[in-house]
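Just below is one structure, and these are the notes that go with it.
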Amino acid sequence: GKQMSELVITKPVGKPLPFSFDILSSAFQYGNRCFTKYPEGMHDYFKQAFPEGMSYERSFLFEDGGVATASWNIR
């Protein structure tokens, strides 16, 4: 299959990100069972349950009050 990610980050023009880019790494395909590869002969019931694809949103809360929201549209 094909895996693509599009990241949209809103920040003040001409200023650096207000956080380290590394904190986004936990959002990259983490917890997405649709990317699990099964051994030959084992049925992938998860993908079969969503033939049209799926979408969802996840929020990350940080100690300093920051919030990051990641959303997925998986087809």
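Residue numbers for the sequence shown follow full-length UniProt numbering, so the first one is 1 and each next one is one higher. Think of the CB as a built atom: it goes at the ideal place given N, C-alpha and C, for glycine as much as any other residue.
Residues near residue i in its chain [Cβ-Cβ closer than 8 angstroms; skip 5 each side]
i   : result
F55 : The amino acid at residue 55 is misidentified as Phe; the sequence shows Ser. Only S71, W72, N73, I74 meet the Cβ criterion.
T69 : E57, R58, S59, F60
V67 : S59, F60, L61
Distance, residue j Cα to residue i Cα
i   : j   : result
F46 : R58 : 19 angstroms
G65 : F50 : 35 angstroms
F35 : H43 : 14 angstroms
K37 : D22 : 26 angstroms
K15 : G53 : 37 angstroms
E63 : S20 : 14 angstroms
P39 : Q48 : 16 angstroms
Boundaries (first-last residue) of the beta strand (DSSP E) holding residue i
i   : result
F60 : 54 to 61
V67 : 67 to 74
For residue i, the first and last residue of its enclosing alpha helix (DSSP H)
i   : result
F46 : 45 to 48
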